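Take a look at the structure set out below.
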Amino acid sequence: MQLCKLKQDIKLPLLITFITIAILSFSLDQVPYAHSQSSKTNSTANATGSGVDLKDTHPSPANVKAGSKFEILSTVINNSPETILLPAGLCDSPLTAFFMSNNVVIKHTQGCTAKSPPFELNPGHEVTVAGPASGTIYQAIKAGNTPATATVYYLTENRQPGNVTKPFVFIIN
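Next comes the structure, spelled out in structure tokens:
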């Protein structure tokens with residue numbers, strides 16, 4: 019009798035856990051890194067030559083303190099004549115950063131592996147993306163000016179890979 023009760027006590031929480039994971043894995047809105055998209059045409063000049071550019075790259079939170087973890091936000095501008103595809107979803111990000119000082123460490127942990135369809139960015143539109151992807155952590159370890167580069171990876175309509183890199187500087191307090 020106690021064995022049957024024990025089995026029931028184990029099965030119910032296990033079932034609830036599996037249902038919760040299934041619901042979260044298949045959520046309908048899986049573009050958390052596409053924070054905002056402008057519907058107006060953008061005529062910003064592009065120094066990269068590809069027609070894709072970055073602007074307003076900065077850390078989040080804006081006031082990064084030594085010892086804290088942070089992410090990078092950047093606005094991707096598609097001035098090319100074709101739609102580009104950006105990795106999106108709960109686990110992916112098109113944005114990565116390289117830090118040219120010893121003020122930041124990049125840690126790698128077990129990340130999630132759920133796949134999501136890419137985000138389509140039409141010509142003349144822009145979207146703000148966040149990075150890094152799941153499993154990568156940026157941690158400030160020392161105060162000071164922090165020069166860095168931000169790179170966004172994308173695919174063209176015909177599935178050719180592309181990227182754009184821009185330098186930026188921020189202060190760690």
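Position one of the sequence shown corresponds to residue 19 (the numbering used here), numbered consecutively onward. Where a beta carbon is used, it is the ideal one built from N, C-alpha and C, also for glycine. The structure displayed is predicted, hence computed values, not measured ones.
In whole angstroms, give me the CA-to-CA distance for residue i and residue j.
i           : j           : result
residue 118 : residue 171 : 20 Å
residue 79  : residue 100 : 33 Å
residue 173 : residue 154 : 22 Å
residue 179 : residue 109 : 19 Å
residue 102 : residue 85  : 36 Å
residue 105 : residue 127 : 19 Å
residue 89  : residue 132 : 20 Å
residue 123 : residue 68  : 31 Å
residue 138 : residue 111 : 13 Å
residue 185 : residue 164 : 11 Å
residue 149 : residue 75  : 11 Å
Of the residues the options, which one's Cα is nearest the Cα of residue i?
i           : options              : result
residue 73  : 109, 108, 113 and 84 : 113
residue 9   : 115, 81 and 82       : The structure shown does not extend to residue 9, since the chain spans only 19 to 191, so no value can be given for it.
residue 130 : 91, 177 and 151      : 151
residue 87  : 125, 175 and 182     : 125
Does the Cβ of residue i have 16 or more other Cβ atoms within 10 Å, making it buried, or fewer, making it exposed?
i           : result
residue 77  : buried
residue 135 : exposed
residue 45  : Only weak support exists for where residue 45 lies, its pLDDT of 35 falling under 50; the value from the coordinates is given anyway. So residue 45 counts as exposed.
residue 121 : buried
Quick one: is the Cβ of residue i within less than 7 Å of any heavy atom of the ligand FAD?
i           : result
residue 189 : Of the ligands one can find in the structure shown there are none, so the ligand FAD has no counterpart to examine.
- Query: Could you give the uninterrupted runs of the beta strand (DSSP E) lying entirely in the stretch 144 to 179, keeping only those of 3 residues or more?
  - Reply: 144 to 149, 154 to 158 and 162 to 174
- Query: Which ranges would you report for the beta strand (DSSP E) in the stretch 84 to 146 if only whole runs of at least 3 residues count?
  - Reply: 87 to 96, 102 to 104, 113 to 117, 122 to 126 and 137 to 139
- Task: Specify whether the stretch 140 to 154 and the stretch 86 to 104 touch according to this definition: at least 3 beta carbon pairs, one from each stretch, less than 8 Å apart.
- Result: Because the criterion of three Cβ pairs below 8 Å is met, the stretch 140 to 154 and the stretch 86 to 104 touch.
- Message: Would you call the stretch 156 to 163 in contact with the stretch 181 to 190, where contact means no fewer than 3 C-beta pairs closer than 8 Å?
- Response: yes
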